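Take a look at the structure below.
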Amino acid sequence: MISAAILPGARIGVLGSGQLGRMFAIAARRMGYRVHVLSPDTDTPTGQVADVEIAADYADLDRVRSFARDVEVVTFEFENVPYATAEAAAEHALVRPAGAVLHVTQQRGREKQFLAAHGFPVGPHALVHSREELLRALDRIGVPAVLKSADFGYDGKGQRVLRKVEDAESAWRSIGADSCVLEAFVDFALECSVVAARGVDGAYADFGVVENHHVDAVLDVSIAPARVEPRIARRAREIARDALEALDVVGVLCVEFFVTRAGELWINELAPRPHNSGHWSIDAALTCQFEQQLRAVCGLPLGDPSLLRPAAMANLLGDLWLEADVAAAKLTAVRVAGQAVQIMSGVLEL
15 MISAAILPGA RIGVLGSGQL GRMFAIAARR MGYRVHVLSP DTDTPTGQVA DVEIAADYAD
75 LDRVRSFARD VEVVTFEFEN VPYATAEAAA EHALVRPAGA VLHVTQQRGR EKQFLAAHGF
135 PVGPHALVHS REELLRALDR IGVPAVLKSA DFGYDGKGQR VLRKVEDAES AWRSIGADSC
195 VLEAFVDFAL ECSVVAARGV DGAYADFGVV ENHHVDAVLD VSIAPARVEP RIARRAREIA
255 RDALEALDVV GVLCVEFFVT RAGELWINEL APRPHNSGHW SIDAALTCQF EQQLRAVCGL
315 PLGDPSLLRP AAMANLLGDL WLEADVAAAK LTAVRVAGQA VQIMSGVLEL
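Residue numbers for the sequence shown, in our numbering: 15 to 364.
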């Protein structure tokens, strides 16, 4: 709501200090805001462009409260900030998305339970807390299946594929978690995502459906818009909107999907923040995902997320781009994707 808007010149607090926070901070400073960041580290990607960088453990709730007193609104750079940290910050500043959103989406078990309870499409799954429970779940779900740690998993970390029941013992031991989620293995045709935003007033906007290709469980190439049937694209956007409303999100949230070979959509994961599959929006959309996050958490009108034209993005991590072979492979992937988006661009202009 405009009357409650947090206007340029205000201080925005960011919990987390990685590359997503850096891109958010750049967008915020471009629009005239000041940025404070808190994380356990110093000289961080976000801290290098922020106005104030505070090094403190997320469990140091007194430091978190002090941090929140110096800003008008707090948001997240990633979802593994403890729920208690978000609640402590909320004692002194607005927290958007709310800690309740973080609480659901940062733990796979709670996330699956929330989605299933609200009627969202998720694959067969079971929460398991012991080897015995895992064996019983395998008997019900079958193999192949994927065992995932319930906490702190991303980019394929904390996961094991079980090809046969006899893999259960070694999988449980290798993950080493007290709480896991067993999921039926999805022989999907495609992975896609919808990055969307919801404002303080309930306004909604999304960046359309993005096609994602992974290598070793890490995002490699994204293509926008996704090469899916119109009915699938419409349904994915409907589900994304319903998810943001069910969670009462104020901010940006990404919904990751599997598209099954039968043309069904199953939600894989939620991420309550800007997402790697939305980075292309910096150059190829009227409003990028980071400006959209800022607009949402500050109570400003959401920006127009329309694509300027179809786009392809390659995800370069760390120093890999310095290696000639890797760089060449990435460029080849982008060229192939680029040919596809050029074709789509021509079709869309007809």
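For every residue, glycine included, the Cβ atom is placed at its ideal position computed from N, Cα and C. These numbers were taken from a predicted model, which means no experiment stands behind them.
Asked: Please report how far the alpha carbon of Pro239 lies from the alpha carbon of Pro324, in whole angstroms.; Found: 6 angstroms
Asked: Tell me whether His117 sits in a helix, a strand or coil according to DSSP, three-state version.; Found: helix
Asked: Secondary structure at Ala328, three-state DSSP: helix, strand or coil?; Found: strand
Asked: What does the alpha-carbon distance come out to for the pair His139 and Leu284?; Found: 16 angstroms
Asked: How long is the line joining the alpha carbons of Cys312 and Ala250, rounded to whole angstroms?; Found: 27 angstroms
Asked: Flag this pair as yes or no: are the beta carbons of Pro288 and Gln306 separated by less than 9 angstroms?; Found: yes
Asked: Where do the N-terminal and C-terminal ends of the beta strand (DSSP E) with Lys162 fall, by residue?; Found: 159 to 163
Asked: Would the stretch 292 to 310 count as touching the stretch 207 to 214 if we require 3 or more Cβ pairs under 8 angstroms?; Found: yes
Asked: Compare the C-beta of Gly137 against all C-beta atoms of chain C and say whether one is closer than 9 angstroms.; Found: The chain inventory of the structure shown lacks chain C, comprising one protein chain alone.
Asked: Which residue marks the beginning of the alpha helix (DSSP H) containing Glu252, and which one marks its end?; Found: 244 to 261
Asked: With respect to the alpha helix (DSSP H) encompassing Glu105, which residues constitute its N-terminal and C-terminal limits?; Found: Careful: Glu105 lies outside any alpha helix (DSSP H) and carries neither H nor E.
Asked: From the DSSP output, in three-state form, read off Trp186 for me.; Found: helix
Asked: Using CA coordinates, which residue listed in Phe38, Gly32, Lys162 is at the minimum distance from Ile26?; Found: Phe38
Asked: Using 8 angstroms as the threshold, is the stretch 61 to 68 in touch with the stretch 98 to 111, meaning 3 or more CB pairs across them?; Found: no
Asked: Find the nearest neighbour of Ile40 within the set Ala328, Val115, Leu308, Leu300, judged by alpha-carbon distance.; Found: Leu308
Asked: Applying the 10 Å Cβ sphere with the 16-neighbour rule, what's the burial state of Ser236?; Found: buried
Asked: Please say whether Pro319 and Leu300 have beta carbons closer to each other than 9 angstroms?; Found: yes
Asked: Taking the runs of the alpha helix (DSSP H) that are 4 residues or longer, which of them lie wholly in the stretch 32 to 70?; Found: 33 to 44
Asked: Specify, as a first and last residue, the run of the alpha helix (DSSP H) that Ser295 falls within.; Found: 295 to 298
Asked: Return the Cβ separation of Ile246 and Leu279 in integer angstroms, given the expectation that the two are a contact with Cβ distance under 8 angstroms.; Found: 7 angstroms
Asked: Would you say Asn94 and Gln120 are within 9 angstroms of each other, going by their C-beta atoms?; Found: yes
Asked: If I measure Cβ to Cβ from Leu148 and keep anything under 6 angstroms in the same chain, skipping five residues before and after, which residues do I get?; Found: Val142, Ala182, Trp186
Asked: Name the one or two DSSP bridge partners that Leu233 has.; Found: His228
Asked: Do the CB positions of Thr89 and Val118 come within less than 9 angstroms of each other?; Found: no
Asked: Beta-carbon within less than 8 angstroms of Pro96's beta-carbon, same chain only, minus the 5 sequence neighbours each way: which residues are those?; Found: Tyr72, Ala73
Asked: According to the neighbour-count rule (16 or more other Cβ atoms, all chains shown, within 10 Å of its Cβ), is Gly30 buried or exposed?; Found: buried
Asked: Leaving out the 5 sequence neighbours to the left and right, which residues in its chain are closer than 8 angstroms to Arg83 when beta-carbon positions are compared?; Found: His106, Ala107
Asked: Figure out for me which residue from Gln62, Thr58, Pro54 has the closest Cα to the Cα of Ala70.; Found: Pro54
Asked: Quick check on Leu371: buried or exposed, where buried means 16 or more other Cβ atoms within 10 Å of its Cβ?; Found: Only positions 15 to 364 of the chain appear in the structure, and residue 371 is not among them; the question remains open.
Asked: Beta carbon of Glu202, beta carbon of Arg150: below 9 angstroms?; Found: Note that residue 202 is Phe in the sequence shown here, rather than Glu. No; because the gap between Cβ atoms is not below 9 angstroms, this pair is not in contact.
Asked: Measure the Cβ-Cβ separation of Ala137 and Glu197 and say whether it is below 9 angstroms.; Found: Per the sequence shown, the amino acid found at residue 137 is Gly instead of Ala. In contact: Gly137 and Glu197 (Cβ atoms closer than 9 angstroms).
Asked: Can you name, in chain order, every residue of its own chain whose Cβ lies under 7 angstroms from the Cβ of Val157, other than the five neighbours on each side?; Found: Leu176, Arg177, Lys178, Val179
Asked: Go ahead and pull the three-state DSSP assignment for Asp220.; Found: strand
Asked: In angstroms, rounded to a whole number, what distance separates the CA positions of Arg44 and Gly23?; Found: 11 angstroms
Asked: From Ile189 to Ala19, what does the alpha carbon distance come to, in whole angstroms?; Found: 45 angstroms
Asked: The alpha helix (DSSP H) with Ala151 in it runs from where to where?; Found: 145 to 155
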